[in-house]
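Undergrad: So that we are looking at the same thing, I have put the structure below in structure tokens.
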Amino acid sequence: MDATRLAVVTAAALGAARTETEVVREAWQAQALARAVGGVLAATGPPAQRAEARRLHGTGDTGAPPCVRPRASRLTSVADPPRALDALEALLEEAAHALIPLAATAAESGTYADCMETIEALGNSRDAVGVLRGLWEEPAEEAARGKPVDTWRGDPGGCAR
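Residue 152 in full-length UniProt numbering sits at position 152 of the sequence shown, with consecutive numbering throughout.
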């Protein structure tokens, strides 16, 4: 399944989450998707973006509840990296915002700590996604100004696994 589609599916699941457990689980699904997209882009993306993609792939690699079976395991491609990164950034922000009220009203310190750890991981991933998106926009801006651009396999947006 394409990264953009997985981001949409995960956002819908997050929006449908009603319990604290469901919200936390879907927030970790968003984090797992960010890591998976980073892994694909690190392996297949343009050289200029690979270091930041590796950073995204390494974010939040601890703390996920063991009960979470990553939806991101269905990731097969990142067909349109800028679009996928936009969708992923929105998803990560939405997931972090969904956790804030849970942290604020947590009755147990463990729940509060879990929420804060997840929010931090989501924020780190969102930062890496923002940098990656900026790196993808630079070649497009240069092309618009008529400068030659390394088209990487003839399609700057065609990362696929």
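We put the beta carbon where it would ideally sit given N, CA and C, even for glycine.
The structure presented is a predicted model; accordingly, all values stated were derived computationally and were not measured.
1. So the candidates are 56, 105, 135, 30; which of them puts its Cα closest to the Cα of residue 9?
2. Would you mind reading off the limits of the alpha helix (DSSP H) that contains residue 19?
3. Can you tell which of 6, 55, 111, 96 has the C-alpha that lies nearest to the C-alpha of residue 21?
4. Would you mind working out which of 119, 108, 107 sits nearest residue 100, comparing C-alpha positions?
5. Give a yes or no on contact between the region 88-99 and the region 41-51, applying the rule of three or more CB pairs nearer than 8 Å.
6. Near residue 136, which residues of its chain fall below 6 Å by C-beta distance, leaving aside the five closest residues on each side in sequence?
7. Report yes if the CB atom of residue 121 is closer than 8 Å to the CB atom of residue 60, and no otherwise.
8. Would you identify the three-state DSSP class for residue 114, choosing helix, strand or coil?
9. To the nearest angstrom, report how far apart residue 77 and residue 102 are at their CA atoms.
10. Near residue 69, what residues of its chain come up, given a Cβ to Cβ distance below 8 Å and the 5 sequence neighbours on each side ignored?
11. Output the boundary residues of the alpha helix (DSSP H) element that contains residue 102.
12. How would you call residue 73, buried or exposed, if buried means at least 16 neighbouring beta carbons within 10 angstroms?
13. In this structure, how does DSSP classify residue 70 when only helix, strand and coil are distinguished?
14. From the DSSP output, which residues share a beta bridge with residue 109?
15. Write down the C-beta distance between residue 130 and residue 89 rounded to the nearest angstrom, noting that I regard them as a contact closer than 8 Å.
16. In whole angstroms, give me the CA-to-CA distance for residue 87 and residue 124.
TA: The answer reads as follows:
1. The residue given as residue 9 occupies position 9 in the sequence shown. Of 56, 105, 135, 30, the residue nearest in Cα terms is 30.
2. As a first step, residue 19 is located in the sequence shown; it is residue number 19 there, counting from the start. Element bounds for residue 19: n/a, residue is neither H nor E.
3. Locating residue 21 in the sequence shown gives position 21, where the first residue counts as 1. Per the Cα distances, 111.
4. Walking along the sequence shown from the start, residue 100 turns up at place 100. Comparing Cα positions, the closest option is 119.
5. Segments in contact, no.
6. For the purposes of this step, residue 136 is identified with residue 136 of the sequence shown, where counting begins at 1. Excluding sequence neighbours, residue 136 sits near 81, 82.
7. Residue numbering aside, residue 121 sits at position 121 when the sequence shown is read from its first letter. Residue numbering aside, residue 60 sits at position 60 when the sequence shown is read from its first letter. Taking 8 Å as the Cβ cut-off, residue 121 and residue 60 qualify as a contacting pair.
8. Residue numbering aside, residue 114 sits at position 114 when the sequence shown is read from its first letter. In the structure shown, residue 114 sits in a helix (DSSP, three-state: H, G or I).
9. In the sequence shown, residue 77 corresponds to position 77, counting from 1. In the sequence shown, residue 102 corresponds to position 102, counting from 1. Each residue's Cα considered, the two are about 33 Å apart.
10. Working through the sequence shown from its first residue, we reach residue 69 at position 69. In its own chain, leaving out the 5 sequence neighbours on each side, no residue places its CB closer than 8 Å to the CB of residue 69.
11. To locate residue 102, count along the sequence shown from 1; it is residue 102. Per DSSP, residue 102 belongs to the alpha helix (DSSP H) from 81-104.
12. Here the question's residue 73 lines up with position 73 in the sequence shown. It counts as exposed.
13. Locating residue 70 in the sequence shown gives position 70, where the first residue counts as 1. It is coil, neither helix nor strand.
14. Your numbering for residue 109 matches position 109 in the sequence shown. According to DSSP, residue 109 bridges with nothing at all.
15. What you label residue 130 is simply residue 130 of the sequence shown in a count that begins at 1. What you label residue 89 is simply residue 89 of the sequence shown in a count that begins at 1. That belief holds up - the Cβ atoms of residue 130 and residue 89 are roughly 6 Å apart, short of 8 Å.
16. Working through the sequence shown from its first residue, we reach residue 87 at position 87. Working through the sequence shown from its first residue, we reach residue 124 at position 124. Straight-line Cα distance between these residues: approximately 16 Å.
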